[in-house]
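K.L.:
Just so we're aligned, residue 1 is where the sequence shown starts under this note's numbering, counting upward by one.
Idealized CB from N, CA, C, for every residue including glycine.
Structure incoming, see below.
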Amino acid sequence: MRTITEIKDGMMDDFMRNEDLAAIYGFEIGKAFYDVFSKVSLESLLLYIVAVAMWTHEALFESFRNEVEVKISNMKPHTAKWYRNMMLGFMRDKTLAPDSDTYDTTGMSEEEINTAKVVKYAAASESPASNLLIIKVAGGTENARIPLENDLEPQLTAYINEIKDVGVRFKLINAMPDKFDCDIDVYYSAMKSPASLRQDCLEAVRNYVQNLPFDGVYSNMALIDKIQELDGVKVVEMKSSCARIATTGSAIAINARYIPYSGYFTPGEININMIAD
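Have a look at this one:
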């Protein structure tokens, strides 16, 4: 919002560019206002009074707009993206400010705040089948995802209960990564070393599954395309692929696409069959 000084300065500039006023007062158009008028002149005082009135009007409107936005925000159910962002803002061993969904970080350094924010990856989505809000979280670094410590789950659950909309049922998933298994036939040029090319194929598989976005969609076709990019590879055939959920140990066959239960993968049994062509 503009200050009183900014409003008055704008009016003074307009005043000094006005040809009719220049003719009446006899000043040169474009000259500085205070080169012609004193700060305590009638003209200066009148412009100040108008500036105060305009500032008051803008301040009242800004306050009204903020109140309306708060009311709309309180009335509107929060989106899955909002829940994701709130999970990333969770702080370990901290309580929320009274009647708020934010933390009071007064006295905390930026380093302390970042250390307290232990959730490094988060995703939220609605499950039509169970009518639940599924919230997945993980810790770690930019290049490595790991589950959060078990003792954090009660804190996260309490945090979600505090911030969630009334009536929203949720499921919190903080789990070891799904293991990705696959069996792939690779037809390659006989002019290439099968051992070296096989290693490149293994790296392509590992890089693909480990670098998927958190809670992103795995695709058999996308993985085939990655392997197909390697020099010497002619044809790639996905014989089978499956995900093994760490919490249950169950294997889920992947027909075309799959979203990891935990939100992320780790390479499991990767079988690459090299076939000279």
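What residue does the alpha helix (DSSP H) around LEU197 start on, and which one ends it?
P.N.:
194 to 210
K.L.:
Please classify ALA204 as buried or exposed, where buried requires at least 16 neighbouring CB atoms within 10 angstroms.
P.N.:
buried
K.L.:
Please state whether the Cβ-Cβ distance between GLY263 and ALA138 is less than 8 Å.
P.N.:
yes
K.L.:
With 16 other CB atoms within 10 Å as the buried threshold, where does ARG145 fall?
P.N.:
buried
K.L.:
Identify the continuous alpha helix (DSSP H) that holds TYR264 and give its terminal residues.
P.N.:
For TYR264, no alpha helix (DSSP H) segment is defined, and its DSSP state is neither H nor E.
K.L.:
May I have the straight-line CA-CA distance separating PHE170 from ASP183, to the nearest angstrom?
P.N.:
Distance from the CA of PHE170 to the CA of ASP183, rounded to the nearest whole angstrom, comes to 36 Å.
K.L.:
Could you check if PRO154 is buried or exposed, using at least 16 other CB atoms within 10 Å of its CB as the buried criterion?
P.N.:
exposed
K.L.:
Tell me which same chain residues have a C-beta within less than 6 Å of the C-beta of ALA51, skipping the five on either side of it?
P.N.:
If we look at ALA51 and ignore the five residues flanking it on each side, its Cβ neighbours are ILE4, ILE7, LYS8.
K.L.:
Are the beta-carbon atoms belonging to ASP181 and GLU269 less than 8 Å from one another?
P.N.:
yes
K.L.:
Determine the direct distance from the alpha carbon of ASP99 to that of VAL70, and round the result to whole angstroms.
P.N.:
14 Å
K.L.:
Quick check on the DSSP output: what are the complete beta strand (DSSP E) runs of length 3 or more inside the region 23 to 66, in order along the chain?
P.N.:
none
K.L.:
Does the count of Cβ pairs from the region 247 to 259 and the region 188 to 200 closer than 8 Å reach three?
P.N.:
no
K.L.:
Could you say which of ALA23, SER219, GLU110, GLY232 lies nearest to GLN199 if we only look at CA atoms?
P.N.:
GLY232
K.L.:
Could you have a look at ASP183 and say whether DSSP puts it in helix, strand or coil?
P.N.:
strand
K.L.:
Sorted by chain position, which residues of the same chain lie with C-beta nearer than 8 Å to VAL236's C-beta, five sequence neighbours on each side aside?
P.N.:
Taken in chain order, the residues that qualify are ILE184, ASP185, VAL186, TYR187, ILE224, ILE227, GLN228.
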